[in-house]
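Trainee:
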Amino acid sequence: MGAGNPAVGMLKGGVNDAKGGNQSLEGQVFFSDRTRESSTDTTTRRNLRSKPRDYAQGNGINTSNAHSRALQHRMAQIILHALNSGKTLPSNAMAPSVSVADPEQVPAEGAAWLQRFLHASYINKLSGRNFIGTPLDEHLDELKMPGSITLRSGEQVSELRGEDLNRFYHQAASELLRSMEDGKAPYLGMLNQGGIVPLVFGFEKINNLATHEIKYRMGPKQYSYQNKEHPLSGSQENGGKLKELEVRNLDDLATLCLGCAIKGIDLPTDLVVRVKGQRGEKALYLDASQTAMFKQKLAAHVVEQAGDQPLETLELQQLQRINSDIRAKNLSEWLPV
Numbered sequence: 001m002g003a004g005n006p007a008v009g010m011l012k013g014g015v016n017d018a019k020g021g022n023q024s025l026e027g028q029v030f031f032s033d034r035t036r037e038s039s040t041d042t043t044t045r046r047n048l049r050s051k052p053r054d055y056a057q058g059n060g061i062n063t064s065n066a067h068s069r070a071l072q073h074r075m076a077q078i079i080l081h082a083l084n085s086g087k088t089l090p091s092n093a094m095a096p097s098v099s100v101a102d103p104e105q106v107p108a109e110g111a112a113w114l115q116r117f118l119h120a121s122y123i124n125k126l127s128g129r130n131f132i133g134t135p136l137d138e139h140l141d142e143l144k145m146p147g148s149i150t151l152r153s154g155e156q157v158s159e160l161r162g163e164d165l166n167r168f169y170h171q172a173a174s175e176l177l178r179s180m181e182d183g184k185a186p187y188l189g190m191l192n193q194g195g196i197v198p199l200v201f202g203f204e205k206i207n208n209l210a211t212h213e214i215k216y217r218m219g220p221k222q223y224s225y226q227n228k229e230h231p232l233s234g235s236q237e238n239g240g241k242l243k244e245l246e247v248r249n250l251d252d253l254a255t256l257c258l259g260c261a262i263k264g265i266d267l268p269t270d271l272v273v274r275v276k277g278q279r280g281e282k283a284l285y286l287d288a289s290q291t292a293m294f295k296q297k298l299a300a301h302v303v304e305q306a307g308d309q310p311l312e313t314l315e316l317q318q319l320q321r322i323n324s325d326i327r328a329k330n331l332s333e334w335l336p337v
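Take the sequence shown: its letters are residues 1 to 337, numbered as in full-length UniProt numbering.
#1: Taking the alpha-carbon positions, what's the A3 to K243 distance?
#2: If we cut at 8 Å on Cβ distances, does V157 have a partner in chain C?
#3: Give a yes or no on whether the C-beta atoms belonging to L80 and S174 are separated by under 8 Å.
#4: Given a threshold of 16 other Cβ atoms within 10 Å of its Cβ, counted over all protein chains shown, does G152 qualify as buried or as exposed?
#5: Is it the case that the segment 191-206 contacts the segment 87-100, given that we only count it when at least three CB pairs across the two stretches are under 8 Å?
#6: Less than 8 Å between the C-beta atoms of V273 and T255, yes or no?
#7: Along the chain, where does the alpha helix (DSSP H) that runs through A173 open and close?
#8: Under a three-way DSSP split, which group does L71 fall into?
#9: Verify whether the separation of the beta carbon atoms of S224 and D41 is less than 8 Å.
#10: For A210, which three-state DSSP category applies?
#11: Applying the criterion that 16 or more other CB atoms from any shown protein chain within 10 Å of the CB defines a buried residue, is Q156 buried or exposed?
#12: Quick one: what's got a C-beta closer than 8 Å to N47's C-beta in the same chain, skipping five residues either side?
#13: Considering only the alpha carbon of each residue, which of A288, R161, Q57 and A120 lies closest to I149?
#14: By how many angstroms is the C-alpha of G189 removed from the C-alpha of N249?
#15: Compute the distance between the beta-carbons of G277 and Y187, then report whether it is under 8 Å.
#16: Which value, in whole angstroms, describes the spacing of the CA atoms of H139 and D54?
#17: Alpha carbon to alpha carbon, how far is G240 from L271? Give it in angstroms, no decimals.
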């Protein structure tokens, strides 16, 4: 049984906005299990792992998807770093108009506009990937912001340029950053400087799952879900202990282990880690002793970087630098021969 949803159990990170729809079930945890996908199927569900892999990427066309939110956070960091350093944001010829319902809520309205602008202009295009996992000022020249903005509030109209415009961008980016760090964005994506860390969880049989049917043009399909977060250790009533965890590579495993150390999360000691990269590549399986050795090496490196400071007391940018430094290493050397 697998789950690609990043909201499973204690690894929850990122909050999905309500999307509605007459076939939706908001806030549920869905599982790809071995039940039949439709009543006419003669075999168990196909693509047991591939569907969760797709969902774990966090992609989507809306600003609320996990990939977009992780990158929104990183780009807000880039904007604030530039402004706080006295640098001028590169500009383009755009001059959008932003409607503000309440003049007292300009930062929130500005953050909503900035979110849409970054999503449409960069994140939904290949150019947005240049900002993932790179130093804050490395690609600043590629982040071009409108050279002026017109604020409209009722009958009041004001055009922002120069320092007024920079102040608007600073307020908008600060509010966007705050909302992402308050739970809107997946934590591992923020820790990984805007890059999503896809995880696929493999559980023992989970009891008492409910079934939700969605009608498609080619016919209805059934999906299994439960209406509460699923503990990684399982439960006496519903079973479902976490037995296997799939990551793309050792870099992602390192980010996961670092994130767990920061948040005080313990993965099951007998967990099997499956490292599966590109399609067609043979998977690498790490048993409990190999994973324990990997985590010991990571912990030793963290001590070198952070000293005796508890990880949870460090600023996110410090933790991002630790994560980036770890991912730059040849992590296969951390595995016992």
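Glycine is no exception: its CB is placed at the ideal position from the N, C-alpha and C atoms.
Mentor: For this structure:
#1: With a pLDDT of only 49 at A3, under the threshold of 50, the placement of this residue in the model should not be trusted; the figure read from the coordinates follows. If I take the Cα positions, the gap works out to 12 Å.
#2: In the displayed structure, chain C is absent; only one protein chain is listed.
#3: Cβ distance < 8 Å, so L80 and S174 count as in contact.
#4: The amino acid occupying residue 152 in the given sequence is Arg; Gly does not appear at that position. Flag for R152 reads exposed.
#5: Too few Cβ pairs lie closer than 8 Å, so no.
#6: No.
#7: Counting along the chain, the unbroken alpha helix (DSSP H) around A173 starts and ends at G162 to S179.
#8: In the structure shown, L71 sits in a helix (DSSP, three-state: H, G or I).
#9: No. Outside cutoff.
#10: A210 sits in a strand when the DSSP states are folded into three classes.
#11: By the C-beta density criterion, Q156 is exposed, having fewer than 16 other C-beta atoms within 10 angstroms.
#12: Hits under 8 Å: S32.
#13: It is R161.
#14: Pairing N249 with G189, the inter-Cα distance amounts to about 15 Å.
#15: Cβ distance not < 8 Å, so G277 and Y187 don't count as in contact.
#16: Straight through space, the alpha carbons of D54 and H139 are spaced by roughly 28 Å.
#17: Distance between L271 and G240, taken at the CA atoms: about 13 Å.
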